[in-house]
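Q: Handing you this structure, nothing more for now.
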């Protein structure tokens with residue numbers, strides 16, 4: 004396929020779209036937040052999130068729009084509320100990895116490689132593999148009905164589920180002694 008050849012073989016530069024910049028900006032904030040926690044930073048969540056936002060803002064200062072920065076702040080505030088709610092309900096997970104790199108060979112012919120955004124152990128002992136998404140995947144009606152198959156975006160949803168299943172498989176295959 005020509006697109007593959009131009010992007011990955013010949014390495015022609017690609018123009019980043021606004022939605023890609025926004026997704027990377029949000030991802031950078033959450034990545035920094037969790038890496039700081041894993042490295043022992045005990046600052047209050049709001050202080051650490053502000054610090055993480057500043058790092059991401061600096062990295063994307065020439066790319067991100069004002070609207071993207073504002074939307075990222077809103078997402079970060081919602082994320083902090085979610086964390087606070089989990090603590091209140093005693094359902095806070097233990098994050099064990101952030102930006103977990105993997106190189107996973109299959110039959111010495113295929114190499115899967117990449118990064119898993121976050122891996123956590125939920126209070127019930129379930130290992131959860133997380134991948135940050137900034138797109139609105141489903142309409143409110145789909146969520147209320149709990150019938151995602153009728154969503155126009157179901158094809159995208161199936162790709163995301165396959166990605167998470169792949170990540171979970173890689174986690175269990177490459178960490179057979181993973182303790183919870």
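Numbering (my numbering), first residue to last: 4 to 183. Cβ coordinates follow ideal geometry from the N, Cα and C atoms, glycine included. Nothing here was measured: the structure is a model prediction, and the numbers come from that model.
(1) For residue 68, which option in 109, 21 and 8 has the closest C-alpha, if you only look at C-alpha atoms?
(2) At which residues does the alpha helix (DSSP H) containing residue 39 begin and terminate?
(3) Along the chain, where does the beta strand (DSSP E) that runs through residue 127 open and close?
(4) For the segment 82–111, list the beta strand (DSSP E) runs that are entirely contained and at least 3 residues long, ordered along the chain.
(5) Indicate the three-state DSSP secondary structure (helix, strand or coil) for residue 63 in the structure shown.
(6) Taking one C-beta from the segment 117–136 and one from the segment 8–18 each time, how about it: are there three or more such pairs within less than 8 Å?
(7) Applying the 10 Å Cβ sphere with the 16-neighbour rule, what's the burial state of residue 63?
(8) Please classify residue 14: does DSSP put it in a helix, a strand, or coil?
(9) List the residues that DSSP assigns as beta-bridge partners of residue 113.
(10) Within its chain, find whatever has a CB closer than 7 Å to the CB of residue 24; leave out the 5 residues flanking it on each side and keep chain order.
(11) Taking a contact to mean a Cβ-Cβ separation below 8 Å, would you say residue 114 touches residue 174 in this structure?
(12) What's the C-alpha gap between residue 28 and residue 42?
(13) Here's a check: name, in chain order, each residue in its chain whose Cβ is nearer than 7 Å to the Cβ of residue 83, leaving out the five neighbours to either side.
(14) Go through its chain and collect everything with a Cβ distance to residue 46's Cβ below 6 Å, but skip five positions before and after it.
(15) Compute the Euclidean distance between the alpha carbons of residue 76 and residue 102, then round it to the nearest angstrom.
(16) Can you tell me which of 117, 8 and 59 puts its alpha carbon nearest to the alpha carbon of residue 170?
(17) Residues in its own chain within less than 6 Å of residue 168 by CB, not counting five upstream and five downstream?
(18) Could you give the distance in angstroms between the alpha-carbon of residue 78 and the alpha-carbon of residue 136?
A: Per the coordinate set shown:
(1) 21
(2) 21–41
(3) For residue 127, there is no enclosing beta strand (DSSP E), as DSSP gives it neither H nor E.
(4) 97–109
(5) coil
(6) no
(7) buried
(8) coil
(9) Answer is 109.
(10) 63, 66, 67 and 71
(11) no
(12) 21 Å
(13) 48, 49 and 52
(14) none
(15) Taking the straight line joining both Cα atoms gives about 21 Å.
(16) 117
(17) Within the same chain, residue 168 has no close Cβ partners at all.
(18) Rounded to the nearest whole angstrom, the CA to CA distance from residue 78 to residue 136 is 11 Å.
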